[in-house]
Structures are given as structure tokens and as C-alpha cells.
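What follows is a set of notes on a single structure, which appears directly below.
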Amino acid sequence: ELKVEQNPLFLSMQEGKNYTIYCNYSTTSDRLYWYRQDPGKSLESLFVLLSNGAVKQEGRLMASLDTKARLSTLHITAAVHDLSATYFCAVVPNTGNQFYFGTGTSLTVIP
Amino acid sequence: DAGITQSPRYKITETGRQVTLMCHQTWSHSYMFWYRQDLGHGLRLIYYSAAADITDKGEVPDGYVVSRSKTENFPLTLESATRSQTSVYFCASSDPGLVAGELFFGEGSRLTVL
Chain A
1 ELKVEQNPLF LSMQEGKNYT IYCNYSTTSD RLYWYRQDPG KSLESLFVLL
51 SNGAVKQEGR LMASLDTKAR LSTLHITAAV HDLSATYFCA VVPNTGNQFY
101 FGTGTSLTVI P
Chain B
1001 DAGITQSPRY KITETGRQVT LMCHQTWSHS YMFWYRQDLG HGLRLIYYSA
1051 AADITDKGEV PDGYVVSRSK TENFPLTLES ATRSQTSVYF CASSDPGLVA
1101 GELFFGEGSR LTVL
């Protein structure tokens, strides 16, 4: 059974602090995606990581992929309240085109 | 409107009734997916389709039926709704032939089964 595990599941952090969300998966994959979901809303694509060592940055968020370790990280730098949301990683196995999602990390940034 | 649209956005029904959730995309993406989202479970794949007339089961297909007679439409039917099917349902599409191949989501359909 393919597993995608995110941790932490819940994260409360103060504005200005740094933190990292981890996404571990159990299959061979070169395709990993990060999504953001605001309460009551749909999922919005944040990052697309398509190879080992891929790194993408957008504002205070940076995502990376290590396919050998089957690990992706989402690093938050100097958090601001607007980053409060739930973040999901999703993996696509090399053998197919289905997207498997982690359980999500609910981030709350406290002023 | 361009994109992926779901209807209805909100639905309340009773146990045993048949319900169909509609999904329409304008990108001509080959793949379409149905997920359900429940607290503590993240998103779980119900069914997906690689092309018109090709569908396959995901992780939690029991109690659901899908069809895809046209590339742009992918309806999800609950043949006899149960309370455990109360959830938010998301339709999504992707095209693996594109460089990014990412998944694009509809706005979701919130279903309550009484």
C-alpha cells in the first residue's frame, strides 16, 4: 500500500519564525506536488517538483525534493499570518498517473 | 468559463437516495479524478479516468459509480447514499503530457446525507 506521510499534522508558529514541514512517501517517484488549501476552499497548486534535487521558491516558501530519500520538505521563512492554511503534498508514482495525498499539515501563524 | 466546474456546490439528501455530482472541464485534460475529503483522512481517491470510456477504481470506490462518455465530463453517482458518504467531494483534472502535469481542482461539492 502506497503511503504518504506528512508531519507535523498541526503546526502553530509565531510570526517571524522559521519551520519545515516534511513529506515522506513509500513509492518510487520523481513527481511531487505541494498544494495549499484555505478553510472552506479548494486546493491551489504551490509547487511542482519533477526531479531529484529540485528546489522551488515562492516568497517565504521553499520546497525541495530528495527522491532517493523519498522525502520532500516545505520550508517556511519568517512566517506571516497570511500563510495560515492547510498544506498538502501529493506524490505520483513513476508507474502511474494517480495522485496520492498526504493527510495535510494545518498551519496557524500567530501574530 | 474556462477551468473545472462542479455542481451542485451544496447538496443535502436522505439516506437511500441517488445523488449525482457533476464535473466539467474545459482544458481537454485526459485525466480526471474524484476525491473525497474528510477530517483526519486528507484526500482519498474514489475513481479516476485516463480518457473517455476508461475509468478505474481508486482507494475508496465502494458505493460510487462513475462514467465518462465525453472527455470534458466526469459525473460521480452515489447510487444509494449513506451517512458515511457525507463529505466534501473534489473533482480534478490533469494532463501528464504537459511538463508540470499538475492536478487542477474544482471548487468542491459539499454533500450531507441525513
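Sequence order for the protein chains is A and B. The first sequence maps to residues 1 to 111 in our numbering. The second sequence maps to residues 1001 to 1114 in our numbering. No residue lacks a Cβ here, since even glycine has one placed at the ideal position from N, Cα and C. Just so it is clear, the structure is predicted and the values come from calculations on it, not from any experiment.
Report all residues from its chain with a CB closer than 8 Å to the CB of residue i; omit the five preceding and five following residues, and keep chain order.
| i | result |
| --- | --- |
| THR1055/B | TYR1047, TYR1048, SER1049, VAL1066, SER1067, ARG1068 |
Within the continuous beta strand (DSSP E) that includes residue i, where are the two ends?
| i | result |
| --- | --- |
| ARG36/A | 31-37 |
| SER1080/B | No beta strand (DSSP E) holds SER1080/B; DSSP gives it neither H nor E. |
| ASN24/A | 19-25 |
| HIS75/A | 71-76 |
| ALA54/A | That residue, ALA54/A, is in no beta strand (DSSP E); it is neither H nor E in DSSP. |
With DSSP collapsed to three states, give me the class of residue i.
| i | result |
| --- | --- |
| HIS1024/B | strand |
| GLN1085/B | helix |
| LEU83/A | helix |
| LYS1057/B | strand |
| GLY45/A | Note on residue identity: the sequence assigns Ser, not Gly, to residue 45/A. Correct three-state label for SER45/A: strand. |
| GLY1097/B | coil |
| ASN7/A | strand |
Quick one: what's got a C-beta closer than 7 Å to residue i's C-beta in the same chain, skipping five residues either side?
| i | result |
| --- | --- |
| GLN1037/B | LEU1043, SER1087, VAL1088, PHE1090 |
| PRO1008/B | SER1109 |
| THR1005/B | HIS1024, GLY1106 |
Who are the near neighbours of residue i in its chain, counting only those whose CB is closer than 6 Å to its CB and skipping five residues on each side?
| i | result |
| --- | --- |
| VAL91/A | VAL4, TYR25, SER29, LEU32, TYR100 |
| ASN1073/B | HIS1024 |
Any contact between the region 21-34 of chain A and the region 58-72 of chain A? By contact I mean 3 or more CB pairs, one from each, below 8 Å. Taking one beta carbon from each stretch, the region 21-34 of chain A and the region 58-72 of chain A have 3 or more pairs nearer than 8 Å; the two touch.
Do three or more CB pairs link the region 102-109 of chain A to the region 75-89 of chain A at distances below 8 Å? Taking a cut-off of 8 Å for Cβ pairs, the region 102-109 of chain A and the region 75-89 of chain A touch, as three or more such pairs fall below it.
When Cβ atoms are compared, which residues of the region 23-34 of chain A fall closer than 8 Å to chain B? Within the region 23-34 of chain A, the residues whose Cβ lies closer than 8 Å to some Cβ of chain B are ARG31, TYR33, listed in chain order.
Residues of the region 1028-1043 of chain B whose Cβ lies closer than 8 Å to any Cβ of chain A, in chain order: Residues passing the 8 Å Cβ filter: TYR1031, PHE1033, TYR1035, GLY1040, HIS1041, GLY1042, LEU1043.
By the 9 Å beta-carbon criterion, what residues does the region 1089-1101 of chain B contribute toward chain A? Using a CB distance below 9 Å, the part of the region 1089-1101 of chain B facing chain A consists of PHE1090, ALA1092, SER1094, PRO1096, VAL1099, ALA1100, GLY1101, ordered along the chain.
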